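Asks: Chains as they are written, first to last, in the numbering used here: chain A, 65 to 112; chain B, 7 to 159; chain C, 302 to 819. Built from N, CA and C at the ideal position, the CB exists for glycine as well. Just so we're clear, the structure is a prediction, and the values are computed from it rather than from any experiment. Below: one structure in structure tokens.
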């Protein structure tokens with residue numbers, strides 16, 4: 065019968081993309097946003 | 007080839023070997039910590055200070071809202087002394103919000119002191135404030151300065 | 302002579318020096334560039350042999366450093382990974398500064414250079430995997446690729462012209478080579494890497510979906526590896542963990558990239574064992590984000606009046622290739638065009654079976670039928686039939702029924718045994734997805750086959766194929782729901798009069814509960 069897929073630690077109702085905070089297929093809780101920094105880019109000229 | 011490998015795998019002896027390797031690898035399943043962004047500098051033997059001296063920036067410094075509260079000097083300090091970090095990115099973003107513009111040739115930030123005297127497609131010219139990060143670590147006024155847009159980050 | 306110990310020692314000292322440079326708190330790009338210049342001047346990066354040896358030494362040294370640090374248990378991951386992180390940074394900087402010696406095309410030179418370094422890392426991993434067997438530790442290699450993804454991402458702007466090629470080099474060369482079937486001891490690391498937030502999304506978000514084929518190939522590798530484990534219902538801890546990890550990755554794809562699952566549904570369902578009903582439903586439930594699905598429970602929902610119902614879904618899978626063998630595709634084309642020779646549908650059954658002498662294939666597929674040929678036949682004939690219907694629709698809508706495609710479908714139902722019929726009906730049910738012309742056509746076909754089924758067992762099997770997909774945990778594809786609702790509600794099918802709906806109390810209870818929930 066499969067399993068209840070809402071218990072895999074992903075917020076399936078999230079309005080935002082899940083991939084940005086997806087830390088690992090093995091993690092029971094992929095919403096630990098604190099673990100990873102959000103996506104950002106530093107222009108090379110900021111390297112002073 | 008793929009088919010040959012699959013043939014081998016689905017054959018009994020290799021299926022068993024693969025199951026064994028898979029079971030054995032369970033002890034080394036990567037965790038989130040293993041995928042963290044590489045730490046550029048990690049003290050090999052950190053000096054054990056009191057716990058109230060944080061060893062890494064507290065998570066609050068990842069919060070963009072905090073940067074709105076910093077004064078301009080702090081933003082410049084983070085920008086020039088926390089290079090390559092998310093904090094530098096947040097400081098630059100806040101500086102831009104406060105109408106500072108990064109000059110790619112002089113590697114510093116400029117702000118209009120008054121409405122420019124001339125604005126063309128290539129540049130604008132007038133009196134600006136800029137941040138002197140190499141000299142006296144202060145803001146200086148520059149008159150008759152031409153900010154060429156090709157140098158605008 | 303790259304094996305001589307003196308050289309190895311010297312290369313080791315260069316790498317150790319680099320780790321110190323990387324580690325130093327005041328190091329910056331200028332210092333990095335100076336160090337790389339020195340490496341260049343020492344000739345370490347010049348010769349093909351010596352530079353390959355250098356990267357091999359860096360890989361082995363950084364992995365060894367990790368293993369030693371971990372053995373000395375006090376080491377934190379950050380400390381244990383220092384040499385690996387340093388190596389990752391060195392690779393990215395070398396690629397960034399690399400230029401074509403002939404000055405022709407620096408971008409191509411950079412990609413070739415990175416591909417070479419990656420292949421050396423793969424060779425070191427392969428040797429460790431082969432030699433250490435159950436003691437092989439996937440973590441240092443995982444960290445090396447994960448740090449590479451992080452460092453490459455930090456230089457994305459400077460590497461922009463070739464960034465997509467870097468991702469496809471990682472995908473097609475490195476990760477495809479390191480797939481679980483070839484390196485089972487690296488499986489968990491591999492799935493973490495291909496679903497990494499700095500890899501999978503970047504590949505799938507590349508403009509014009511140009512990264513989709515590469516990721517599709519990796520996902521097929523995963524499913525093909527899982528097949529033997531998933532076919533047995535009971536799972537061991539490892540397989541269960543691997544399966545849950547797969548579900549998580551698919552849920553991220555379903556949530557963020559549903560169109561990717563929509564367009565490749567055929568090849569994914571072609572590989573997934575028919576026992577993995579929820580896994581297959583997950584893929585078949587995907588629908589384009591710009592589409593609003595009408596509530597299947599809407600009373601008197603007129604499916605055939607939905608605007609999307611006449612639109613053909615995009616199928617990126619190469620669904621016809623399985624029909625090329627034995628000239629089957631040409632025979633089908635010929636019959637669909639001329640409805641002759643009349644013997645064609647009668648001979649079809651044998652063409653769907655695996656050669657009885659090929660026992661190993663029968664063992665590996667777990668069936669005497671060639672499931673891929675059945676899946677391809679159903680979709681191919683269906684698509685041709687939809688095309689014929691659209692062409693003829695100008696002259697009034699001929700019934701779906703008396704047509705060459707229907708000859709094929711009905712003859713198969715008569716000729717196949719229960720296993721064959723189940724696989725055939727499953728292939729049809731795999732097309733019941735979001736509102737589109739395939740869903741509509743195959744839903745009509747399934748209901749028609751139910752109504753016209755000469756034997757009770759056919760009706761039972763049509764019902765079973767639908768029901769087993771409904772009683773599993775969500776998600777359920779929209780097309781599946783509207784087909785089953787139609788079956789049990791429309792008096793034309795006289796569903797409840799069939800004895801099999803009451804063949805056992807728990808079955809009767811099941812039907813009651815499903816029909817109530819529906």
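Helix, strand or coil for residue 563 of chain C per DSSP?
Replies: By 1-based counting over the third chain, the position of residue 563 of chain C is 262. Note: residue 563 of chain C maps to helix in three-state DSSP.
Asks: By Cβ distance, which residues of its chain are closer than 6 angstroms to residue 801 of chain C, with the 5 residues on each side in sequence left out?
Replies: As a first step, residue 801 of chain C must be located in the third chain, where it is residue number 500. So the qualifying residues of the chain are 761.
Asks: Would you please verify whether the beta carbon of residue 84 of chain B is less than 7 angstroms from any beta carbon of chain C?
Replies: Your numbering for residue 84 of chain B matches position 78 in the second chain. Chain C contact via Cβ: absent.
Asks: Going by the CB atoms, is the gap between residue 391 of chain C and residue 491 of chain C shorter than 7 angstroms?
Replies: Reading the third chain from its first residue, position 190 is the one you call residue 491 of chain C. Reading the third chain from its first residue, position 90 is the one you call residue 391 of chain C. Their beta carbons are not under 7 angstroms apart, which means residue 491 of chain C does not touch residue 391 of chain C by this criterion.
Asks: To the nearest angstrom, report how far apart residue 373 of chain C and residue 360 of chain C are at their CA atoms.
Replies: Position 72 of the third chain, counted from the start, is the residue given in the question as residue 373 of chain C. Position 59 of the third chain, counted from the start, is the residue given in the question as residue 360 of chain C. Each residue's alpha carbon lies about 20 angstroms from the other.
Asks: Looking only at its own chain, which residues have a Cβ that is under 8 angstroms from the Cβ of residue 590 of chain C, when we skip the five neighbours before and after it?
Replies: Indexing the third chain from 1 puts residue 590 of chain C at position 289. Answer for residue 590 of chain C: 559, 560, listed in chain order.
Asks: Shortest alpha-carbon distance to residue 782 of chain C belongs to which of C/797, C/766, C/462, C/809?
Replies: To locate residue 782 of chain C, count along the third chain from 1; it is residue 481. The candidate whose alpha carbon is nearest that of residue 782 of chain C is C/766.
Asks: Per DSSP, what are the beta-bridge partners of residue 654 of chain C in this structure?
Replies: Counting from 1 along the third chain, the entry for residue 654 of chain C is found at position 353. The partner list for residue 654 of chain C (beta bridge, DSSP) reads C/670.
Asks: So for residue 121 of chain B, helix, strand or coil by DSSP?
Replies: Locating residue 121 of chain B in the second chain gives position 115, counting from the first residue. Residue 121 of chain B falls in the coil class under three-state DSSP.
Asks: Considering just the uninterrupted stretch of the alpha helix (DSSP H) at residue 770 of chain C, what are its terminal residues?
Replies: Within the third chain, residue 770 of chain C is the residue found at index 469, counting from 1. 757-771 is the span of the alpha helix (DSSP H), which, as asked, contains residue 770 of chain C.
Asks: Which two residues bound the contiguous alpha helix (DSSP H) that contains residue 99 of chain B?
Replies: Within the second chain, the letter at position 93 stands for residue 99 of chain B. 92-103 is the extent of the alpha helix (DSSP H) around residue 99 of chain B.
Asks: Any beta carbon from chain C within less than 7 angstroms of residue 92 of chain B's own beta carbon?
Replies: Locating residue 92 of chain B in the second chain gives position 86, counting from the first residue. Chain C contact via Cβ: absent.
Asks: Sorted by chain position, which residues of the same chain lie with C-beta nearer than 6 angstroms to residue 488 of chain C's C-beta, five sequence neighbours on each side aside?
Replies: If you number the third chain from 1, residue 488 of chain C lands on position 187. Taken in chain order, the residues that qualify are 481.
Asks: Checking 7 angstroms against the spacing of the C-beta atoms, do residue 261 of chain C and residue 687 of chain C come in under that value?
Replies: Outside the shown range of chain C, which is 302 to 819, sits residue 261 of chain C, and nothing can be said about it.
Asks: Compute the Euclidean distance between the alpha carbons of residue 565 of chain C and residue 618 of chain C, then round it to the nearest angstrom.
Replies: Along the third chain, one-based indexing puts residue 565 of chain C at 264. Along the third chain, one-based indexing puts residue 618 of chain C at 317. Cα to Cα, residue 565 of chain C sits roughly 5 angstroms from residue 618 of chain C.
Asks: How would you label residue 787 of chain C, buried or exposed, when you count the other beta carbons within 10 angstroms and need 16 or more for buried?
Replies: Reading the third chain from its first residue, position 486 is the one you call residue 787 of chain C. Buried is the call here.
Asks: Looking at chain B, is there any beta carbon in it that lies within less than 7 angstroms of the beta carbon of residue 108 of chain A?
Replies: Counted from its first residue, the first chain places residue 108 of chain A at position 44. No, residue 108 of chain A lies away from the interface with chain B (no Cβ there is under 7 angstroms from its Cβ).
Asks: Tell me whether residue 98 of chain B is buried or exposed, calling it buried when 16 or more other Cβ atoms sit within 10 Å of its Cβ.
Replies: By 1-based counting over the second chain, the position of residue 98 of chain B is 92. Classification of residue 98 of chain B: buried, given that the 10 Å Cβ count is 16 or more.
Asks: From the DSSP output, read off the bridge partner residues of residue 109 of chain B.
Replies: Taking the second chain and counting its residues from 1, the one referred to as residue 109 of chain B is at position 103. Beta-bridge pairing links residue 109 of chain B to B/114, B/158.
Asks: Are the stretch 461-476 of chain C and the stretch 509-517 of chain C touching by the rule of at least three beta carbon pairs closer than 8 angstroms?
Replies: Flag = yes, the stretch 461-476 of chain C and the stretch 509-517 of chain C touch.
Asks: How far does the beta strand (DSSP E) with residue 721 of chain C in it extend, from its first residue to its last?
Replies: The residue you call residue 721 of chain C lines up with position 420 of the third chain. Looking at the DSSP string, residue 721 of chain C is not in any beta strand (DSSP E); the run it does join, the alpha helix (DSSP H), is 719-730.
Asks: Quick one: Cα of residue 609 of chain C to Cα of residue 741 of chain C, how far?
Replies: Numbered from its first residue, the third chain carries residue 609 of chain C at position 308. Numbered from its first residue, the third chain carries residue 741 of chain C at position 440. One C-alpha to the other measures close to 10 angstroms.
Asks: Residue 498 of chain C by DSSP, collapsed to three states: which one?
Replies: To locate residue 498 of chain C, count along the third chain from 1; it is residue 197. The answer is coil: DSSP assigns residue 498 of chain C none of H, G, I, E or B.
Asks: According to DSSP, is residue 134 of chain B part of a helix, a strand, or is it coil?
Replies: Along the second chain, read from residue 1 onward, the residue named residue 134 of chain B stands at position 128. Here residue 134 of chain B sits in strand by DSSP.
Asks: So if DSSP puts residue 145 of chain B in a beta bridge, which residue, or which two residues, is it bridged to?
Replies: The count along the second chain starts at 1 and reaches residue 145 of chain B at position 139. B/137, per the DSSP bridge assignment.
Asks: If you measure from the beta carbon of residue 493 of chain C to each beta carbon in chain A, is any gap under 7 angstroms?
Replies: In the third chain, the residue the question calls residue 493 of chain C occupies position 192. True, the Cβ-Cβ gap to chain A drops below 7 angstroms.
Asks: Pull out every residue of the stretch 630-646 of chain C whose Cβ sits closer than 8 angstroms to any Cβ of chain B, in chain order.
Replies: Within the stretch 630-646 of chain C, no residue qualifies.
Asks: Step through the CB atoms of chain C and report whether any lies within less than 7 angstroms of the CB of residue 66 of chain B.
Replies: Taking the first residue of the second chain as position 1, residue 66 of chain B is located at position 60. No, its Cβ sits nowhere closer than 7 angstroms to a Cβ of chain C.
Asks: Just how far apart, CA to CA, sit residue 348 of chain C and residue 120 of chain B?
Replies: Translated into the one-based positions of the third chain, residue 348 of chain C becomes position 47. Translated into the one-based positions of the second chain, residue 120 of chain B becomes position 114. The straight-line gap from Cα to Cα measures roughly 59 angstroms.
Asks: Which residues in chain A have a C-beta closer than 8 angstroms to the C-beta of residue 457 of chain C? List them in chain order.
Replies: In the third chain, the residue the question calls residue 457 of chain C occupies position 156. Per Cβ cutoff of 8 angstroms: 105.
Asks: Identify the continuous alpha helix (DSSP H) that holds residue 735 of chain C and give its terminal residues.
Replies: Working through the third chain from its first residue, we reach residue 735 of chain C at position 434. Looking at the DSSP string, residue 735 of chain C is not in any alpha helix (DSSP H), and its letter there is neither H nor E.
Asks: Please confirm if residue 129 of chain B has its CB atom under 7 angstroms from at least one CB of chain A.
Replies: Reading the second chain from its first residue, position 123 is the one you call residue 129 of chain B. Not an interface residue.
Asks: Find the nearest neighbour of residue 463 of chain C within the set C/476, C/412, C/416, C/494, judged by alpha-carbon distance.
Replies: Stepping through the third chain from its first residue, residue 463 of chain C is reached at position 162. The option with the nearest alpha carbon to residue 463 of chain C is C/412.
Asks: Answer yes or no: do residue 679 of chain C and residue 709 of chain C have a C-beta to C-beta separation smaller than 7 angstroms?
Replies: On the third chain, residue 679 of chain C is found 378 positions in, with the first residue counted as 1. On the third chain, residue 709 of chain C is found 408 positions in, with the first residue counted as 1. Cβ atoms of residue 679 of chain C and residue 709 of chain C: not closer than 7 angstroms.
Asks: Between residue 72 of chain B and the rest of its own chain, which residues show a CB-CB distance below 7 angstroms, the 5 nearest in sequence each way excluded?
Replies: Here residue 72 of chain B is taken as the residue at index 66 of the second chain, counted from 1. 66.
Asks: Closer than 9 angstroms between beta carbons: that is the criterion. Which residues of the stretch 20-35 of chain B meet it against chain C?
Replies: Residues 21, 23, 24, 25, 26, 27, 28, 29, 30, 31, 32, 33, 34, 35.
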